[in-house]
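The structure appears right after this line, and notes come after that.
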Amino acid sequence: MDLVLPAFVALWALLWALLEAREPGAPIIHAVQEVHQPDKHVSDAAVALDPAQVSSESASQHRRDIVHNDDDDDSKSDDSNHNSSGSDDNIRLALLKNLRKTRDQVKPRSADGKIAIGFNVCVDAVVDALELLQKSGVEPVQGKLPQSVTSLDDVGEIFTHLFERAAGGERFVEDDETFASLEDGLAQCDSRRLLLGGNAAIMAVVFARDWNFKHISLGGPIGPFAEPLLPAQVATFSLDEGEDVLGVKTKADEVHIIMEYKKGSKWAGSAARRANRFIVSRDLSNAVIAALEPLMEHVRDAPDGPFDLLIAAGLHMLDAMEADVQRKRVGEIAESFRSLPAETLIHFELAAVGKPILLEELGTRILPEVDSLGLNEQEIGALYVALGLDGVNLDAVTGLVPDVEAVTKIITDILAGAERLGRIHFHCFGYHVLALKKASIDRWPHATSSVAAGSVKASERACASANLGAQDVTLQLHGPIRFAGSQREYRVTPESPVIEHETETLYFALAPVLTCNEPVQTVGLGDSISASALAYQI
1 MDLVLPAFVA
11 LWALLWALLE
21 AREPGAPIIH
31 AVQEVHQPDK
41 HVSDAAVALD
51 PAQVSSESAS
61 QHRRDIVHND
71 DDDDSKSDDS
81 NHNSSGSDDN
91 IRLALLKNLR
101 KTRDQVKPRS
111 ADGKIAIGFN
121 VCVDAVVDAL
131 ELLQKSGVEP
141 VQGKLPQSVT
151 SLDDVGEIFT
161 HLFERAAGGE
171 RFVEDDETFA
181 SLEDGLAQCD
191 SRRLLLGGNA
201 AIMAVVFARD
211 WNFKHISLGG
221 PIGPFAEPLL
231 PAQVATFSLD
241 EGEDVLGVKT
251 KADEVHIIME
261 YKKGSKWAGS
271 AARRANRFIV
281 SRDLSNAVIA
291 ALEPLMEHVR
301 DAPDGPFDLL
311 IAAGLHMLDA
321 MEADVQRKRV
331 GEIAESFRSL
341 PAETLIHFEL
351 AAVGKPILLE
361 ELGTRILPEV
371 DSLGLNEQEI
381 GALYVALGLD
391 GVNLDAVTGL
401 VPDVEAVTKI
411 ITDILAGAER
421 LGRIHFHCFG
431 YHVLALKKAS
441 IDRWPHATSS
451 VAAGSVKASE
461 RACASANLGA
471 QDVTLQLHGP
481 IRFAGSQREY
491 RVTPESPVIE
501 HETETLYFAL
511 APVLTCNEPV
521 QTVGLGDSIS
531 ASALAYQI
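If you're matching positions, the sequence shown starts at 1 in UniProt numbering and goes up one per residue.
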């Protein structure tokens with residue numbers, strides 16, 4: 001007995017020391033540290049602006065993988081470690097599996113759902129950013145952030161500002177000479193490729209190709225470059241080339257230059273924290289929303305009954321116009337929305353707006369006329385300010401994984417100030433939130449399937465594959481989650497992949513995003529996410 005007691009004490013001391021050494025509160029799902037961004041380009045395609053030289057196969061593959069949106073980077077992982085534990089691997093796989101099961105609880109109304117989408121369509125010239133800047137003679141410039149581009153120095157200044165923050169952005173080029181210099185540089189770039197672009201066009205492709213919708217109407221500048229790249233079931237509505245809209249002679253096709261950079265790319269002494277892109281254009285047809293009248297006339301007077309949904313995308317292109325033109329056109333857009341049958345729901349897909357006066361116009365005159373709003377972490381704070389709202393620390397919503405409590409507070413305030421608006425879909429790098437007014441739930445059914453569809457689509461599009469393994473994706477949303485005005489804490493688990501929360505007047509559904517560790521491209525995730533979520537609620 002004299003020997004047993006000391007041995008027992010020693011054993012207990014050893015066990016206690018081991019327990020003390022364990023990291024307290026370590027989460028079951030661990031954040032991971034580094035991502036390998038492959039030094040490769042996605043497929044090269046023809047570059048000459050000749051319809052016969054645009055590779056339909058390459059463009060189609062690009063649309064299946066990732067396609068154009070303003071500034072959404074919703075599935076690129078800055079934090080991954082391919083040597084994570086088997087337990088974490090199992091959790092990620094189970095979470096992805098159950099997100100898909102939640103999505104598949106219902107099926108989209110692809111056979112009879114009628115969708116109209118406007119208003120921006122273009123041809124994207126996708127190119128490595130650093131190659132184009134070098135070929136065009138653009139140098140880094142430190143300074144303020146110009147709202148538009150009037151010189152190559154402006155290009156260098158805006159790109160440097162965005163690059164240092166790993167942020168996406170889009171700007172209009174004010175003069176022909178500057179845009180011609182960029183086009184000359186583009187012609188010398190080996191990484192260039194031409195693809196279908198424009199928020200409206202890409203959403204139409206997602207509905208047609210990913211969800212097999214049969215009745216899709218698309219409005220935008222659709223000429224000999226864009227038309228062959230669209231699925232057969234997409235009917236097109238546009239003006240003839242040369243028609244006058246607010247003093248602008250419209251073009252059949254418009255070209256945008258998309259400058260992509262990879263994580264780890266170096267510019268002006270900085271290394272990019274994640275992959276992203278900067279978009280420039282001198283696109284006047286989309287800037288005056290030239291397709292407004294032909295598409296809205298078709299939707300308003302549809303002979304076979306009202307449309308289920310109108311999606312209004314590309315209104316940020318008005319950024320290129322003077323304030324008086326913006327006000328006039330925003331008023332005409334709002335009036336056209338009011339002319340539609342009550343049965344036709346309207347979804348407004350917001351994108352980055354450079355000029356605060358335009359964002360204020362869109363927030364105060366368009367938002368009251370729509371039923372649904374889609375936006376990301378870069379846009380939600382700007383809209384909050386434009387609407388004259390306060391009470392939220394906006395720093396909390398600008399990170400890669402914004403604070404859920406702050407985001408849902410902003411959503412709550414926006415919904416409270418817009419009587420008709422009944423749905424907001426917020427999507428960011430680490431998670432998506434679908435918020436519904438309880439009075440609107442019958443008009444927007446299947447919320448959990450909808451938000452799960454958007455989450456899964458973000459992972460699959462970024463990785464360009466539906467066959468994802470645990471090594472391909474990372475869970476970014478960790479720790480307890482709280483919604484605005486509530487002390488209750490939630491956690492993401494494979495058993496409950498979509499978190500549901502209710503207030504007296506609102507319903508929230510939150511889905512984590514399994515972010516892609518090696519994203520193939522940065523363009524088009526927001527469009528794919530929004531279209532996929534809407535496909536389950538029509």
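Every residue, glycine too, gets a C-beta built ideally from N, C-alpha and C.
For clarity, every value in this text was computed on a predicted model and none was experimentally measured.
| Asked | Found |
| --- | --- |
| Which one or two residues does DSSP pair with ILE481 in a beta bridge? | TYR490 |
| Near LEU358, what residues of its chain come up, given a Cβ to Cβ distance below 7 Å and the 5 sequence neighbours on each side ignored? | LEU318, ASP319, GLN326 |
| For the segment 174-211, which segments carrying the alpha helix (DSSP H) assignment without a break, of at least 4 residues, lie completely within its bounds, in sequence order? | 176-187, 199-205 |
| Taking the C-alpha atoms as reference points, what is the distance between ARG466 and LEU525? | It is Ala, not Arg, that sits at residue 466 in the sequence shown. Whole-angstrom Cα-Cα distance: 15 Å. |
| How long is the line joining the alpha carbons of LYS457 and PRO519, rounded to whole angstroms? | 13 Å |
| Which class does ALA418 belong to by DSSP, given the choice of helix, strand or coil? | coil |
| Enumerated in chain order, which unbroken segments of the alpha helix (DSSP H) with a length of 4 residues or greater are wholly contained in the segment 128-171? | 129-136, 152-164 |
| Could you pull out every residue in the same chain whose Cβ sits closer than 7 Å to the Cβ of LEU415, ignoring the five residues on either side in sequence? | LEU421, ILE424, ALA435, LYS437, LEU506 |
| Within the same chain, show all residues whose beta-carbon is closer than 7 Å to that of VAL407, passing over the 5 residues directly before and after it, in chain order. | ILE380, VAL397, PHE426, VAL433 |
| Considering just the uninterrupted stretch of the alpha helix (DSSP H) at CYS463, what are its terminal residues? | 447-463 |
| Quick one: is GLU335 buried, meaning 16 or more other Cβ sit within 10 Å of its Cβ, or exposed? | exposed |
| Note the first and the last residue of the continuous beta strand (DSSP E) segment covering ALA116. | 114-118 |
| With a floor of 4 residues, list each alpha helix (DSSP H) that falls wholly inside the segment 312-347, ordered by position along the chain. | 323-338 |
| Could you tell me the alpha carbon to alpha carbon distance between GLY185 and ALA200, rounded to whole angstroms? | 28 Å |
| Please report the distance separating the alpha-carbon of ASP160 from that of ILE222. | Note that residue 160 is Thr in the sequence shown here, rather than Asp. About 33 Å. |
| Identify, in the order they occur along the chain, each residue of the same chain with its Cβ nearer than 6 Å to the Cβ of VAL138, setting aside the five sequence neighbours on each side. | LEU152, VAL155, GLY156 |
| What three-state label does DSSP hand ALA287 in the structure shown? | helix |
| Drop a sphere of 10 angstroms on the beta-carbon of LYS262, count the other beta-carbons inside from all chains shown, and report buried for 16 or more, exposed for fewer. | buried |
| If I follow the unbroken beta strand (DSSP E) through GLY430, where does it start and stop? | Segment: none, GLY430 is in no beta strand (DSSP E) and carries neither H nor E. |
| Would the beta-carbon of ILE257 fall within 8 Å of that of ARG277? | no |
| Between which two residues does the alpha helix (DSSP H) containing TYR384 stretch? | 377-386 |
| Given a threshold of 16 other Cβ atoms within 10 Å of its Cβ, counted over all protein chains shown, does ARG488 qualify as buried or as exposed? | exposed |
| Should ARG338 be labelled buried (16 or more other beta-carbon atoms within 10 Å of its own) or exposed? | exposed |
| Using the Cα positions of GLY363 and ASP190, report the straight-line distance between them to the nearest angstrom. | 41 Å |
| Does DSSP put ASN90 in a helix, in a strand, or in coil? | helix |
| On the three-state DSSP scale, how would you describe PRO512? | strand |
| Which residues in the same chain have their Cβ closer than 7 Å to the Cβ of GLN537, if we skip the five residues on either side of it in sequence? | TRP444, PRO445, HIS446, SER450 |
| Could you spell out the range, first to last residue, of the beta strand (DSSP E) harbouring LEU475? | 473-475 |
| Among ALA484, ALA187, ILE279, SER181, which residue has its Cα nearest to the Cα of LEU162? | ILE279 |
| Express the C-alpha separation of ARG171 and ALA386 in angstroms, rounding to a whole number. | 19 Å |
| Go through its chain and collect everything with a Cβ distance to GLU360's Cβ below 6 Å, but skip five positions before and after it. | ALA386 |
| Taking the straight line between their C-alpha atoms, what separation do you get for LEU96 and PHE429? | 16 Å |
| Taking the straight line between their C-alpha atoms, what separation do you get for ALA470 and GLN476? | 14 Å |
| On the DSSP bridge assignment, give the partners of THR236 in chain order. | LEU218 |
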